[in-house]
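Going by UniProt numbering, the letters in the sequence shown line up with residues 1 to 198, in that order. Here a beta-carbon is modelled for each residue, glycine too, at the ideal position from N, C-alpha and C. As the structure is a prediction and not an experimental result, all values here were calculated from the model. Heads up: the structure comes next, in structure tokens.
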Amino acid sequence: MFTGIVEELGTVAALEEQSDAVRLTVEGALATTGAQLGDSISVNGCCLTVAELDRLGDGTFTADVMRMTLDKTSLGALAVGHRVNLERACTPQTRLGGHIVQGHVDTTATILDRTPGEHWELVEVALPEQIRRYVVLHGSITVDGISLTVAELKDESFVVSLIPETLARTTLGFKRPGDPVNLEADIIAKHVERLIQK
Numbered sequence: 001m002f003t004g005i006v007e008e009l010g011t012v013a014a015l016e017e018q019s020d021a022v023r024l025t026v027e028g029a030l031a032t033t034g035a036q037l038g039d040s041i042s043v044n045g046c047c048l049t050v051a052e053l054d055r056l057g058d059g060t061f062t063a064d065v066m067r068m069t070l071d072k073t074s075l076g077a078l079a080v081g082h083r084v085n086l087e088r089a090c091t092p093q094t095r096l097g098g099h100i101v102q103g104h105v106d107t108t109a110t111i112l113d114r115t116p117g118e119h120w121e122l123v124e125v126a127l128p129e130q131i132r133r134y135v136v137l138h139g140s141i142t143v144d145g146i147s148l149t150v151a152e153l154k155d156e157s158f159v160v161s162l163i164p165e166t167l168a169r170t171t172l173g174f175k176r177p178g179d180p181v182n183l184e185a186d187i188i189a190k191h192v193e194r195l196i197q198k
């Protein structure tokens, strides 16, 4: 489990294509601090398992990414040198500064628009039909692993307001309209829906 508070901007160091998967190696000195084989690290909101440490030198970890994950998320579009959001799994002592994030991406979407302000920036993101019912005004949503608050909700999109800290420390600081992002809806909304259906 994660909180959606990005700890570090990492860099894709290597991609090894396999027949039905990719071995993804990411450089992230903070994310690998204290990491062990089998640990979970969120990469752009996708929960990945550490399969190898320091493959290319200090501060790297390698994860095996299955074809299904590559097809369902934006990880399939990564290339060497791309920056990624990293967060280590939380512990019982972790402050829950964001919201409960599983790292199980529901769908991808595209950034539609960016509106800069003097001290903040509004980013509009497409809202696919399959998760629309889970998104509410002022509720939480995860965009590329970042816990964000829905500032405006439209019929087919939502808007988030990014503070300078978020712009400086995450991939949303430099992604542009047309770029893909991973979305994860609030797990609590999904559980409530399931309970009501029963």
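Taking all protein chains shown into account, His191 has fewer than 16 neighbouring C-beta atoms within 10 Å of its C-beta and is therefore exposed. For Leu127, there is no enclosing alpha helix (DSSP H), as DSSP gives it neither H nor E. For Ile100, the three-state secondary structure derived from DSSP is coil. The three-state reading of DSSP puts Asp71 in helix, counting H, G and I together. Taking the CA atoms as reference points, Leu122 sits about 10 Å from Glu152. Exclusion of the five residues before and after Asp20 leaves Arg67 as the residues of its chain whose Cβ lies within less than 6 Å of its Cβ. Per DSSP, the beta-bridge partners of Gly10 are Val84. Where Pro164 is concerned, the enclosing alpha helix (DSSP H) starts and stops at 164-169.
Checking the DSSP bridge columns, you'll see Met66 partnered with Ala21.
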